[in-house]
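Take a look at the structure set out below.
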């Protein structure tokens with residue numbers, strides 16, 4: 047019996063979809079698109095036919111083979127630039143209600159007040175937080191997100207379900223990787239060096255959460271329930287929190303789940319200098335080599351940050367087909383360091399881009415990420431010919447993100463048989479007047495305000511700049527009311543303040559101990 051590959055199955059699905067008369071037929075008529083393989087050039091007066099959730103045909107206006115009587119809707123594309131939707135390949139949806147909560151601090155210090163925040167979380171508040179971020183992304187041209195979901199209760203079913211319901215209702219494409227962890231090598235190192243950490247939601251989290259075996263059961267049920275739901279728009283990944291937050295046994299359990307359900311894996315990796323130093327001291331090797339040894343590095347695995355690399359690590363990442371998600375804004379916000387993007391591109395590493403959570407970025411706007419990526423790597427010590435170019439940056443936010451989502455053959459381009467995740471930008475917007483090189487405009491001029499329409503999985507979710515699935519004004523009002531209530535119900539913040547400050551002081555000592563040795 048012949049076994050069909052995933053690509054063959056996808057082609058069969060596309061062919062079947064074209065033959066089904068009940069599927070929605072959508073035509074974008076007379077639009078402008080980027081010329082394939084010709085950076086800086088545009089193709090004007092193009093038509094894009096969408097049947098169901100796939101692009102069926104692309105070509106000069108009036109040349110596509112179609113029956114106009116079967117069209118359910120025609121979008122007039124005059125003065126509209128159509129792009130593949132941007133993909134935010136790393137964020138944390140719980141933080142959408144935590145924007146502007148902390149000054150810039152090193153990550154290890156920044157985490158402590160984050161866990162001690164003054165919100166008493168409920169599943170409904172998690173739903174609202176996720177929905178708020180989804181709407182911000184859709185309105186600014188992001189059609190898909192990889193959410194490394196952490197919650198105040200670890201991997202808790204009611205919070206995971208609330209998150210998926212929000213993404214379902216918003217209409218965005220989402221892969222959710224619940225963050226799961228069972229240790230903290232930084233806190234363990236502090237204890238070895240004689241430092242004392244008082245009781246706090248951050249230091250006590252493993253004792254406060256359900257046992258890790260229970261969390262793994264919840265994670266598996268989550269994947270079994272939600273993966274490939276909403277007509278394939280919602281996916282479930284495993285999400286080990288990071289190298290220094292997971293025991294080898296937990297990483298092995300996540301890998302086993304990933305293989306059994308044929309899904310993806312997403313985790314943090316060597317984000318800070320302290321993390322890298324602690325990993326070396328505790329595990330006897332660098333984090334990337336450790337992950338390779340564990341068998342976690344491969345196509346379908348994506349790593350957020352990967353800043354503090356050892357010699358040879360980029361070669362490992364390239365050779366294994368692992369995707370790196372670059373988060374330039376949060377890296378700067380928390381002073382984590384600079385990912386060697388030019389070197390990674392030279393070595394053929396798969397690169398995606400992410401906003402990171404709103405508590406370390408404060409926005410979920412991928413155009414912010416595009417611009418900063420185009421600026422921060424233009425270093426005097428790097429040959430200017432190796433600086434990342436606008437077309438490469440845009441590719442990382444589309445095709446690179448598709449690879450992180452496990453959809454490298456199905457998403458990120460405007461061509462036949464691709465999933466129909468598209469954005470329409472108004473070329474009359476200030477960012478494009480006067481119009482020169484479209485890639486330069488997209489990376490350096492546009493900031494999400496020219497978005498006129500958004501299509502996800504073949505469905506229109508933003509039309510003439512307006513969200514179709516959610517009442518924005520009602521959502522904002524409910525969030526204000528719910529947050530006031532949740533903050534009133536939270537434990538007394540003052541009672542935690544002394545312990546928070548003591549932990550920050552101890553962690554600062556630990557940072558000095560380690561970083562002075564390097």
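Residue numbers (my numbering): 47 to 564.
We put the CB at the ideal spot given by N, CA and C, even for glycine.
- prompt: Which partner residues does residue 286 have in the DSSP bridge list?
  reply: 226
- request: Mind checking which residues open and close the alpha helix (DSSP H) that includes residue 261?
  value: 258–272
Reference residue 377, options 97, 153, 121, closest by Cα: 153
message: So residue 264 and residue 208 are supposed to be a Cβ contact under 8 Å. How far apart are they, rounded?
response: Contact flag wrong, Cβ pair sits at about 13 Å.
query: Since residue 350 sits in a beta bridge, which residues does DSSP pair it with?
result: 314, 371
query: If you check the beta carbons only, do residue 73 and residue 115 fall under 8 Å apart?
result: no
message: What would DSSP say about residue 221, mapped onto helix, strand or coil?
response: strand
message: Three or more C-beta pairs under 8 Å: does that hold for the region 231–246 against the region 211–218?
response: no
- prompt: Roughly how many whole angstroms lie between the Cα atoms of residue 146 and residue 367?
  reply: 36 Å
- prompt: Would you report the Cα separation of residue 140 and residue 196, rounded to the nearest angstrom?
  reply: 7 Å
- request: Could you round the C-beta distance between residue 326 and residue 288 to whole angstroms and report it? I think they count as a contact, below 8 Å.
  value: Contact flag wrong, Cβ pair sits at about 15 Å.
query: For residue 293, which residues does DSSP report across the bridge?
result: None; residue 293 has no bridge partner.
query: Which residues in the same chain have their Cβ closer than 6 Å to the Cβ of residue 279, if we skip the five residues on either side of it in sequence?
result: 219, 503
task: Give every residue of the same chain whose Cβ lies closer than 8 Å to the Cβ of residue 542, excluding the five residues on either side of it in the sequence, and list them in chain order.
output: 162, 246, 247
query: Along the chain, where does the alpha helix (DSSP H) that runs through residue 205 open and close?
result: 203–216
message: I need the DSSP call for residue 565, collapsed to helix, strand or coil.
response: Outside the shown range of the chain (47 to 564) lies residue 565, about which nothing can therefore be said.
task: Closer than 7 Å by C-beta to residue 441: which residues in its own chain qualify, once you throw out the five before and the five after it? Chain order, please.
output: none
query: Pairing CB atoms from the region 493–502 with CB atoms from the region 401–420, are three or more of them under 8 Å?
result: yes
task: Output yes or no for whether 8 Å exceeds the beta carbon distance between residue 375 and residue 407.
output: yes
task: Please list, in chain order, all residues of the same chain as residue 304 whose beta carbon is under 6 Å from its beta carbon, the five residues on each side excluded.
output: 284, 311
message: Using CA atoms only, rank isn't needed, just tell me which of 469, 450, 444, 336 is closest to residue 459.
response: 444
task: Within the same chain, show all residues whose beta-carbon is closer than 6 Å to that of residue 231, passing over the 5 residues directly before and after it, in chain order.
output: 290, 324, 328
query: Do you know how far the Cα of residue 159 is from the Cα of residue 150?
result: 12 Å
- request: Could you work out which residue in 362, 211, 210, 321 is closest to residue 339 when comparing CA atoms only?
  value: 362
message: Do residue 549 and residue 249 count as a contact pair if the criterion is CB distance below 8 Å?
response: yes
message: residue 380 and residue 156 - do their beta-carbons sit closer together than 8 Å?
response: yes
task: Answer with buried or exposed for residue 476, where buried requires no fewer than 16 other C-beta atoms within 10 angstroms of its C-beta.
output: exposed
- request: Taking only the alpha-carbon atoms, compute the straight-line gap between residue 48 and residue 341 and give it to the nearest angstrom.
  value: Its pLDDT being 45, under 50, residue 48 is placed unreliably by the model, and the measurement read from it follows with that caveat. If I take the Cα positions, the gap works out to 29 Å.
message: On the DSSP letters alone, give me the boundaries of the beta strand (DSSP E) that residue 471 sits inside.
response: 468–472
message: Rounded to whole angstroms, what is the Cα-Cα separation between residue 50 and residue 97?
response: Since pLDDT at residue 50 reaches only 47, below the 50 mark, its modelled position is unreliable, and the value read off the structure follows with that caveat. One C-alpha to the other measures close to 24 Å.
- request: Kindly indicate which three-state DSSP category residue 76 falls into: helix, strand or coil?
  value: strand
field: Separation of residue 455 from residue 464, as counted between CA atoms
entry: 8 Å
message: So, with DSSP's three-state summary, where would you put residue 275?
response: strand
- prompt: Do you know how far the Cα of residue 300 is from the Cα of residue 364?
  reply: 22 Å
Cβ pair residue 128, residue 78 closer than 8 Å: yes
message: Buried or exposed for residue 237, going by 16 or more other Cβ atoms inside 10 Å?
response: exposed
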